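In what follows, a structure is listed as C-alpha cells, so that the remarks can point back to it.
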Amino acid sequence: MDAEELLKRYAQRERNFQGAKLSGIQLPGANLSGIDLQNADLTGAELNQTNLANANLTGAKFSRVSLIGANLSGVQASSVNLGLAELSGANLSKANLIGVNFNNANLDNANLSDAQLNGANLTKASLSQANLVRANLSSARLTGANLAEADLSRAELAGVNIQDANLQGAKLRGVKLPSYNLSGMNFAEVDLGAAELTNIQFRKACLRGINLERAGLQGSNFMGANLNGANLKKADLTDANLYGASIKGADFTGAIMPDGEIYKPEASDTERRKQETSLPTQIAMIRKVIRTENAPAPVGPYNQAIAASGQMIFVAGQIAIDPRIGDIVYTDDVAKQTEQVMAHLEAILTAGGANWQNVVKTTVFLKDMNDFAAMNAVYGKYFDAETAPARACVEVARLPKDVLVEIDCIAVI
7 MDAEELLKRY AQRERNFQGA KLSGIQLPGA NLSGIDLQNA DLTGAELNQT NLANANLTGA
67 KFSRVSLIGA NLSGVQASSV NLGLAELSGA NLSKANLIGV NFNNANLDNA NLSDAQLNGA
127 NLTKASLSQA NLVRANLSSA RLTGANLAEA DLSRAELAGV NIQDANLQGA KLRGVKLPSY
187 NLSGMNFAEV DLGAAELTNI QFRKACLRGI NLERAGLQGS NFMGANLNGA NLKKADLTDA
247 NLYGASIKGA DFTGAIMPDG EIYKPEASDT ERRKQETSLP TQIAMIRKVI RTENAPAPVG
307 PYNQAIAASG QMIFVAGQIA IDPRIGDIVY TDDVAKQTEQ VMAHLEAILT AGGANWQNVV
367 KTTVFLKDMN DFAAMNAVYG KYFDAETAPA RACVEVARLP KDVLVEIDCI AVI
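Residues 7 to 419 in our numbering are what the sequence shown spells out, letter by letter.
So, in C-alpha cells, the structure goes:
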C-alpha cells in the first residue's frame, strides 16, 4: 500500500490498517490520529511530524523508522520494535511502551512523561534532555544509554539496569533506588534531591557536584567515592560508610551523619567576632501567663494572654508541604496536615534558637471550622495547657494551594 492510498482511505474514515505492508512509506506531517496499525510493517518509514496520537501500534515493525517530532502521545505500542529509530523531539507522553525495543534509538529531547516503559529495552539509546518525569521504567534496560541532562524525577525505577549509562547532569529527584550497586558510575552534577537511596553501593563512584539534599542515604557505601562539591544538606547518612571518600567542598549542613549526630559547620573566627559585635548582650526572656475572670476562659490548649520580653521571632504561616518533593501532602486529612505544619514550625523555631516553650502567640487558619477538633487534638500535643501560648483560630474561604490548615506563631527568646 502506498501513501496516497492510505491517506485516501483514512480520509474516508477507515482506521483499520492491521497488518498493512507500509515499509519505506513517506507520510511526513500527516494526521493519522487513532489509526490501527497492529502488526503492520513500517520498517524504514518516514513519519516526521506525523500525528499518531492514540494510535494502536501493537506488534508493528518500526525498525529504522524516522519519527522526528512526531506526536505519539497515548499510543498503544507494547512489544514494538523501534530499534535504531529516530525519535528526537517526539511526544510519547502517556504512551504504553511496555516491552518496546528502543535499542540504539535516538530519543533526544523526546517527551516520555508518564509513559509506561516497563521492561523496555533502551540499551545504548540516546535520551539526552529527554523528559521522563513520572515514567514507569520498572525492569527497563538502560545499559550504556545516554541520559545526559534528562529529567527522571519521580520516575519508577524498580529493577532498572543503568550500568554504564551516562547520567551527567540528569535529574532524578524523588526517585527510589534501594540497595542498587552503582559502584564506579559517573553521577557528576546529577540531581538526586530527596531521593531514597538506602544501602546503595557508591564505591569509587564519581559524585562530584551531585545534589543529594534531603536524600535518604542510610547504610550506603561511599568508600573511595568522589564527593567533591557535593550538596548533602539535610541528607540522612545514618550508618553510611564514608571511609576514603573525597569530600572537598562538600556541604553537610544539617545532615544526619553516620554516627547519628547532626552536622553543624563551625563558625569562622570572623563570623564569631561579627556575632559578638552584633550581639553584645543577651536579653533574658521573661514570660508571664495572664488570666482573668472578666474574659472567657480558654477552650483548648491556650491561655488568654502571655506577657513576654526578649528577642522576638515571627514565624510565617506554615502549610503541609513536604520540602523534599515540594508538593502538598495528606490533601484530605487535616490531622496529618497539622502534624506536618507543626513539624515545620518546630524546625524553624529550632533554627532560630527557640522551642515550643518560647512561643507566646499562634494563629490557626482553617478551611473548615468543622475540622477544629481534629486539628486541636494534634495541636494540643505540643503545649502544656498551663503555659500554652495565646491563640486565635479562624475559618477562611481559601488557603494557599487549597490546604486544610495554616498556622503561624510568635516566639520570644
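Even for Gly, the Cβ is constructed at its ideal location relative to N, Cα and C. Only a predicted model underlies this, so the values are computations on that prediction, with no experimental measurement involved.
DSSP, read as helix, strand or coil, puts Ile416 in strand. The DSSP assignment places complete beta strand (DSSP E) segments of no fewer than 3 residues inside the region 359 to 388 at 365 to 372, in order along the chain. Taking all protein chains in view, the Cβ of Met348 is crowded by 16 or more other Cβ atoms within 10 Å, so the residue is classified as buried. Looking at the DSSP output, Val321 bridges to Cys415. Shortest Cα-Cα distance from Leu28 to any of Leu78, Asn60 and Phe68 involves Phe68. If you ignore the 5 residues before and after Ser84, its C-beta comes within less than 6 Å of the C-beta of Thr64, Asn102, Ile104 and Gly105, all in its own chain and listed in chain order.
Taking the Cα positions, Lys182 is about 45 Å away from Gly316. Just so you know, the alpha carbons of Ala194 and Leu173 end up roughly 8 Å apart. Rounded to whole angstroms, the gap between the alpha carbons of Leu90 and Arg21 is 27 Å. Beta-carbon to beta-carbon, Val402 and Ile325 are separated by about 12 Å, too far to satisfy the 8 Å threshold. Shortest Cα-Cα distance from Ser119 to any of Leu158, Ala164 and Leu248 involves Leu158. Judged by DSSP in its simplified three-state form, Glu352 adopts helix.
In the three-state scheme derived from DSSP, where H, G and I count as helix and E and B as strand, Ala398 is classed as strand.
By the Cβ-count criterion, Asn187 is exposed, with fewer than 16 other Cβ atoms from all chains shown falling within 10 Å of its own Cβ. Here DSSP, grouped into helix, strand and coil, assigns Lys254 to coil. In chain order, Ala194, Glu195, Gly235 and Ala236 place their CB closer than 7 Å to the CB of Gly215, counting only its own chain and leaving out the 5 sequence neighbours on each side.
Where Tyr16 is concerned, the enclosing alpha helix (DSSP H) starts and stops at Ala9 to Ala17. CA-to-CA, the gap between Gly25 and Ala51 works out to about 15 Å. By the neighbour-count criterion, in which 16 or more other beta carbons inside 10 Å mark a residue as buried, Lys387 falls on the exposed side.
Contact annotation: Leu351 and Cys415 have beta-carbon atoms nearer than 8 Å. Apart from sequence neighbours up to five positions away, the residues of its chain that approach Asn60 with a beta-carbon distance below 7 Å are Ser39, Gly40, Gly80 and Val81, ordered along the chain. Along the region 69 to 114, the alpha helix (DSSP H) does not occur as any fully enclosed run of 4 or more residues. If you ignore the 5 residues before and after Arg70, its C-beta comes within less than 6 Å of the C-beta of Gly50 and Leu90, all in its own chain and listed in chain order. Ranked by how close their Cα comes to the Cα of Ala154, the residues Asp114, Ala200, Gly180 and Tyr249 have Asp114 in first place. By DSSP's assignment, Glu162 forms a beta bridge with Asn142. In the same chain as Ala126, and ignoring 5 residues on each side of it, the C-beta atoms closer than 8 Å to its own belong to Leu103, Ile104, Gly105, Val106, Asn107, Phe108, Leu143, Ala146 and Arg147, in chain order.
For Gly250, same chain residues with a beta-carbon under 7 Å away, outside a window of 5 residues either side, are Met229 and Gly230 in chain order. Burial is judged here by how many other beta carbons sit within 10 angstroms of a residue's own beta carbon; Ile319 has at least 16 and is buried. Of the other Cβ atoms in all chains shown, fewer than 16 fall within 10 Å of the Cβ of Ile268; this residue is therefore exposed. Taking 4 residues as the shortest admissible run, the region 154 to 241 contains no complete alpha helix (DSSP H) segment at all. Beta-bridge annotation (DSSP): Arg147 is paired with Asn127 and Asn167. In chain order, Leu223, Ser226 and Pro264 place their CB closer than 6 Å to the CB of Ala246, counting only its own chain and leaving out the 5 sequence neighbours on each side. For Val418 and Ala396, the gap between their C-alpha atoms comes out near 13 Å. The C-beta distance from Gly190 to Ala221 rounds to 20 Å, too long to meet the 8 Å contact threshold. Within the same chain, and ignoring the five residues on either side of Lys100 in sequence, the residues whose Cβ sits closer than 7 Å to its Cβ are Ser79, Gly80, Asp120 and Ala121.
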